[in-house]
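Counting from 1, one number per residue, gives the positions in the sequence shown under UniProt numbering. The structure appears below as structure tokens.
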Amino acid sequence: MGVHIDISGLRPEQVAVVPSPLAELGMALHALSEPGHHPGLQAWATGVTARLDPHLADRMCEADFLWRSTFSDLFLPCAGVPGRTTLPGGTLAEDLDLLDKLSDEQFVDAALEFTCALPYGLPGAGPLTDAGLRRRSLELAAARGPRQTEFTERLLSDPPGIRGRLRQFLEDCDEAFFAETWSRLRHQLAADTRHKTDLLRHKGPAGALTAVSPAVTVDEAAGRITVDKLG
Numbered sequence: 001m002g003v004h005i006d007i008s009g010l011r012p013e014q015v016a017v018v019p020s021p022l023a024e025l026g027m028a029l030h031a032l033s034e035p036g037h038h039p040g041l042q043a044w045a046t047g048v049t050a051r052l053d054p055h056l057a058d059r060m061c062e063a064d065f066l067w068r069s070t071f072s073d074l075f076l077p078c079a080g081v082p083g084r085t086t087l088p089g090g091t092l093a094e095d096l097d098l099l100d101k102l103s104d105e106q107f108v109d110a111a112l113e114f115t116c117a118l119p120y121g122l123p124g125a126g127p128l129t130d131a132g133l134r135r136r137s138l139e140l141a142a143a144r145g146p147r148q149t150e151f152t153e154r155l156l157s158d159p160p161g162i163r164g165r166l167r168q169f170l171e172d173c174d175e176a177f178f179a180e181t182w183s184r185l186r187h188q189l190a191a192d193t194r195h196k197t198d199l200l201r202h203k204g205p206a207g208a209l210t211a212v213s214p215a216v217t218v219d220e221a222a223g224r225i226t227v228d229k230l231g
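Here is the structure:
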């Protein structure tokens with residue numbers, strides 16, 4: 001199974017290679033939730049888990065459906081900032097400030113995309129204002145489990161409260177383990193960014209994207225990126 005991304009109409013000058021601390025934190029949370037899926041990171045995950053504060057570990061389970069098997073758009077808030085030209089922040093704090101710029105409607109829609117599989121980004125009312133969508137969101141959450149149900153109920157009744165709790169949780173993760181990880185990772189990412197930017201400049205988006213992974217292919221005629229599901 002593959003994921004298809006429509007890039008028809010995207011101009012080459014609109015493509016940039018930029019690392020995101022928040023996106024990397026999301027990937028770190030995924031690795032901690034599913035260490036068996038990432039054998040090369042098991043030693044790191046074991047070390048982090050062993051020294052985690054129990055309260056933080058419990059909080060990590062509350063909304064792990066945002067990063068365990070899918071990757072929530074909440075970890076790439078720059079994509080939702082009006083104008084569509086905002087790049088990821090250079091620090092986690094800058095990325096979190098971008099997350100704060102999203103409207104409550106954008107935040108809720110992004111969270112419920114992965115909690116309840118509701119389509120988002122389409123014109124029209126969302127679950128904060130549409131009673132029918134609100135009921136549907138709660139029904140879908142209930143079908144997924146009690147944690148998803150509780151999260152969805154709290155999200156719909158108090159978006160600012162959930163936003164504040166999420167930011168505090170991510171800041172606590174930064175203090176507990178991610179700041180150290182990012183301090184080592186960012187130099188490697190910076191070098192890879194320069195390399196991919198050079199490929200982008202000389203070989204275009206297709207050359208840069210296919211260099212990311214053998215799982216990525218680009219059909220330039222159709223304007224489509226395909227990412228094969230990795231085993």
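Backbone N, C-alpha and C fix where the C-beta goes; we use that ideal spot for every residue, glycine too. Computed from a predicted model, the values in this text were never measured in an experiment.
query: Given Gln-42, which residues of its chain have a CB within under 6 Å of its CB, disregarding the five upstream and five downstream residues?; result: Pro-35
query: Under the rule that 16 or more other beta-carbon atoms within 10 Å means buried, what is Pro-160, buried or exposed?; result: exposed
query: Just to check my reading of the structure: Leu-12 and Pro-205 have Cβ atoms closer than 8 Å, yes? What is that Cβ distance to the nearest angstrom?; result: Here the sequence assigns Pro to residue 12, which means Leu is not the residue at that position. Between Pro-205 and Pro-12 the Cβ distance is about 6 Å, and since that is below 8 Å, they are a contact.
query: For Thr-86, which residues in the same chain have their Cβ closer than 6 Å to its Cβ, ignoring the five residues on either side in sequence?; result: Cys-78
query: Tell me, which residues are paired with Ile-7 by DSSP?; result: Answer is none; Ile-7 lacks a bridge partner.
query: Suppose the cutoff is 7 Å on Cβ atoms and the five residues either side in sequence are ignored; what does the same chain contact list for Thr-181 look like?; result: Ala-28
query: Return the CA-CA distance between Pro-19 and Thr-193, expressed in angstroms with no decimal places.; result: 7 Å
query: Bridge partners for Asp-228 per DSSP, in chain order?; result: Gly-2
query: Between the alpha carbons of Ala-110 and Leu-155, how many angstroms are there, rounded?; result: 11 Å
query: To which residues does DSSP link Val-216 through a beta bridge?; result: Val-227
query: Could you compute how far the alpha carbon of Arg-135 sits from the alpha carbon of Ala-125?; result: 13 Å
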